[in-house]
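Asks: full-length UniProt numbering applies: residue 19 is where the sequence shown begins, and numbers increase by one.
No residue lacks a Cβ here, since even glycine has one placed at the ideal position from N, Cα and C.
Values in this document were obtained by computation on a predicted structure and should not be read as measured data.
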Amino acid sequence: LSLLVLHGPNLNLLGVREVGIYGSLSLEQIDQALHQQAHSLKAKLEILQSNHEGVLIDAIHRARQQHQGILINPGAYTHTSIALRDAIAGVGLPTVEVHLSNIHRREAFRQHSYIAAVAIGQISGFGAQSYLLGLQALIQHLRLQAS
Ligand code: DQA
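In structure tokens:
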């Protein structure tokens with residue numbers, strides 16, 4: 019099983035950026051934990067962070083040939099990007115949306131996600147654990163689908 023993990027804009031600043039909201043772990047530490055969990059669940063990950071919408075979209079398009087599912091924290095593009103949503107819908111790969119913070123208890127502009135309607139589901143509010151829960155959910159979904 020091979021999966022694409024995408025981190026959207028500003029997530030390269032994790033550990034530095036608004037630590038009270040996003041936690042003190044760096045993106046490298048989160049990626050390491052993801053690789054570890056993937057390994058124990060016998061899956062392989064390609065992980066990419068970008069601050070550019072088009073780079074994320076290109077990666078989603080490429081994933082069609084290389085991966086069976088996508089785990090994505092779209093960052094602020096969650097709330098703005100119809101293009102990202104269309105890319106996910108277009109490739110048709112099962113996708114799980116994750117957020118470190120609980121977007122539903124924050125500012126009104128964060129409470130709408132363009133991505134949620136094309137995702138299997140959303141995990142929001144568990145800090146770095148959101149990623150690990152999301153990865154587990156995605157892998158289980160894909161294995162159930164295949165069996
Ligand atoms: C975020 C929530 C978004 O609203 C914000 O723009 C981010 C991070 C999260 O993981 O909690 O960059 O996706």
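Considering only C-alpha positions, which residue in the set Ile100, Asn30, Gln47 and Val34 is nearest to glutamine 147?
Replies: Gln47
Asks: Quick check: the Cα distance between proline 122 and glutamine 129, rounded to an integer number of angstroms?
Replies: Note on identity: in this sequence residue 122 is histidine, with proline being the wrong assignment. Each residue's Cα considered, the two are about 5 Å apart.
Asks: Which of helix, strand or coil does DSSP assign to alanine 100?
Replies: Reading off the sequence shown, one finds isoleucine at residue 100, where the question assumed alanine. Note: isoleucine 100 maps to helix in three-state DSSP.
Asks: Quick one: what does DSSP say isoleucine 141 is sitting in, helix, strand or coil?
Replies: strand
Asks: Is there a C-beta anywhere in chain C that falls below 8 Å from the one on histidine 70?
Replies: Among the chains of the structure shown, chain C does not appear; only one protein chain is present.
Asks: Quick one: give me the first and last residue of the beta strand (DSSP E) that glutamine 86 is part of.
Replies: Counting along the chain, glutamine 86 falls outside any beta strand (DSSP E), and DSSP gives it neither H nor E.
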